[in-house]
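Notes follow the structure.
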Amino acid sequence: MPRNVFAISKIEKILKDHPVKFAFIMLGVCGVFVGVLLLLSYSKVVFKAISALITGKKKAERTRIPTGKIENLSLLNARLILKEPGGGNKNFIITPRKEFWIGRDEDNELILKDETISRKHAKIRPEKEGYVLYDMLSRNGTRVNRKKIKGHVLRNGDEIFIRPYSLIFDEEGEEGE
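So the sequence shown is numbered by our numbering: it starts at 1166 and just counts up by one.
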């Protein structure tokens, strides 16, 4: 018990004799406390950064999703064949003059009514390499031929999975308008 009294009397003495010094000490203690809380809340990010420094591996680059004006390309028209879960197919024409949007939102070219699909889930964009499918950072992802993708140049016969839907990419062979 006398030990606690000594510690309290010492704090009282510092508080009376040096109030500014006491304020800076308390500010430092609070700063350390906040720093520890931040470090704990961002521990995954800090751990990844430290491990990247140690191993020399850089963070994997994200696929840049292009936007804006589409170049005048001489691509052929293509189509998507939607295999509906209940059976039956629907065809959608993709032209080389504009992006083709897929998602749950009403202003997409292909509207997929399912809560697991994002409002703007994916888009197909005509580019120099051909038609490129981009996942728009959707929650459940987009797969082509069963592999999860961020960006993928579509080839004839590729199967696109946006669960629970399946789509087949088919190049029609007609010159785009």
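Don't be surprised by glycine CBs; every beta carbon is placed ideally from N, CA and C. Just so it is clear, the structure is predicted and the values come from calculations on it, not from any experiment.
{"Query": "Neighbour flag for residue 1321 against chain D, beta carbons, 8 angstroms", "Result": "No chain D appears in this structure, which consists of one protein chain only."}
{"Query": "Helix, strand or coil at residue 1182 [DSSP, three-state]", "Result": "helix"}
{"Query": "Distance cut-off 7 angstroms: residue 1301 Cβ against heavy atoms of the ligand HEM", "Result": "As far as ligands go, the structure on display features none, and thus does not contain the ligand HEM."}
{"Query": "Same chain only: Cβ atoms within 6 angstroms of residue 1226, ignoring 5 sequence neighbours per side", "Result": "Caution is warranted here: a pLDDT of 49 is assigned to residue 1226, below 50, making its placement in the model unreliable, and the coordinate value is therefore given only provisionally. Result list for residue 1226: empty, nothing under 6 angstroms."}
{"Query": "Cα-Cα separation between residue 1233 and residue 1270, rounded to whole angstroms", "Result": "20 angstroms"}
{"Query": "Proximity of residue 1313 and residue 1306 at Cβ, strictly below 8 angstroms", "Result": "yes"}
{"Query": "Entirely enclosed beta strand (DSSP E) segments - the stretch 1221-1276, minimum 3 residues", "Result": "1241-1248, 1254-1259 and 1265-1268"}
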